[in-house]
Every structure is written in C-alpha cells, then in structure tokens.
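Below you'll find the structure, written out as structure tokens, and then a few comments.
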Amino acid sequence: MNGKCLCGKVSYQIEGDLGEVRLCHCSDCREVTGSAFSANAKIKREQFKLTSGTAALTEYVRRPGVLCYFCSSCGCHIYVWVESEPDLIRPRIGGLMGDVPVTIGAHVWVSSKASWFDITDNLPQFAEAKS
Numbered sequence: 136m137n138g139k140c141l142c143g144k145v146s147y148q149i150e151g152d153l154g155e156v157r158l159c160h161c162s163d164c165r166e167v168t169g170s171a172f173s174a175n176a177k178i179k180r181e182q183f184k185l186t187s188g189t190a191a192l193t194e195y196v197r198r199p200g201v202l203c204y205f206c207s208s209c210g211c212h213i214y215v216w217v218e219s220e221p222d223l224i225r226p227r228i229g230g231l232m233g234d235v236p237v238t239i240g241a242h243v244w245v246s247s248k249a250s251w252f253d254i255t256d257n258l259p260q261f262a263e264a265k266s
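So for the sequence shown, the numbering used here puts the first residue at 136; every next one is plus one.
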C-alpha cells in the first residue's frame, strides 16, 4: 500500500496487512484532523517505509511519550508513535491511495466524542482506548 501527504512531499509504503483500524474520537485527534474523528491503523514499525520526503517530515511532541509526525509543508499528519509501544506506529489511513482493504473494528475515546456527531453504525464503542 502506498500513501502520501496532501502536497506529495512525503510519501510512504506500508507492507502487509493494516489489521484492525480504529476510529478515534479523542479531542487531540479531532483537533488535528478538524473533523469528528481520525482513522488509525496500528502496525509494526518495520511495515512502514518512507519513500520520499524524510527532510519534510516533522516531529511534534503531543505530550511526553506521544510523538506525531507530519509534513512540514502541507501539515498532513502521517503517523503517531507512542513510547509505551516502541515497536508499533499508528498511521493515519486517510493518506493511503487507491482501493485499500480496511476493516474498521471499533470507535475509541467516545467519552471525548464531539457532541454534534452521532455514531450510527453497530461497531463496538470504547470510552477510552482499546488495548
């Protein structure tokens, strides 16, 4: 699977399966995306390869132990790394190109969900993160 940021300066490849994708409703994800939630996979770090734009990839410390990586040109968020799970990353799947096989598994952090957004599917909902 290939993905890129909005301006195309950062591109990447994900090898293998995405696994379960979760829709995160936490306030951080809502603010970062400007939307009701973000769609994130959780993959092994070695599955992810930057194919261009290493110099454009910028790190932002959201809070101690949580690093967000985004394109310094267009601001597109590429992935999140959490210190407590150092061998995993959480790519934002919105940047993946083409028809990508995705299985949405759950809504997480629904305790922080935007009041104006109604979840209308039958997916499991978790007040906080699902381990």
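Even glycine gets a Cβ: it sits at the ideal position worked out from N, Cα and C.
Leaving out the 5 sequence neighbours to the left and right, which residues in its chain are closer than 8 Å to residue i when beta-carbon positions are compared?
i, result
"Val245", "His160, Ile254, Gln260, Phe261, Ala262"
"Leu192", "Val145, Leu185, Tyr204, Phe205, Cys206, Ser207, Ile213"
Among residues of its own chain, excluding the 5 on either side of residue i, which ones have a beta-carbon nearer than 7 Å to its beta-carbon?
i, result
"Gln182", "Ile149, Glu150, Gly151"
Is the CB-CB distance between residue i and residue j below 9 Å?
i, j, result
"Pro221", "Ile178", "no"
"Ile213", "Gly138", "yes"
"Cys142", "Cys206", "yes"
"Ala249", "Arg165", "yes"
"Leu231", "Arg180", "no"
Residue i bridges to which residues according to DSSP?
i, result
"Pro236", "The partner list for Pro236 (beta bridge, DSSP) is empty, contrary to what the question assumes."
"Asn137", "Gln148"
Would you say residue i lies against chain D (beta-carbon separation less than 9 Å)?
i, result
"Ser173", "The structure shown has no chain D; it contains just one protein chain."
Keeping to the same chain, check which residues put their C-beta closer than 6 Å to that of residue i; ignore five residues upstream and five downstream.
i, result
"Asp256", "none"
"Leu158", "Phe172, Ala174, His242"
"Trp216", "Leu202, Ile224"
Pick out whichever of the options has its Cα sitting closest to the Cα of residue i.
i, options, result
"Thr186", "Gly210, Cys209, Ser146", "Ser146"
"Thr189", "Met232, Asp163, Ser208", "Ser208"
"Ala174", "Val237, Trp251, Ser247, Glu194", "Val237"
"Gly240", "Ala249, Leu223, Ala176", "Ala176"
"Phe252", "Ser162, Thr193, Glu218", "Ser162"
"Ser219", "Val201, Glu194, Val167", "Val201"
"Lys265", "Val156, Met136, Cys140, Lys144", "Val156"
Here's the rule: buried if 16 or more other CB atoms are within 10 angstroms of the residue's CB, otherwise exposed. What is residue i?
i, result
"Ile228", "buried"
"Leu258", "exposed"
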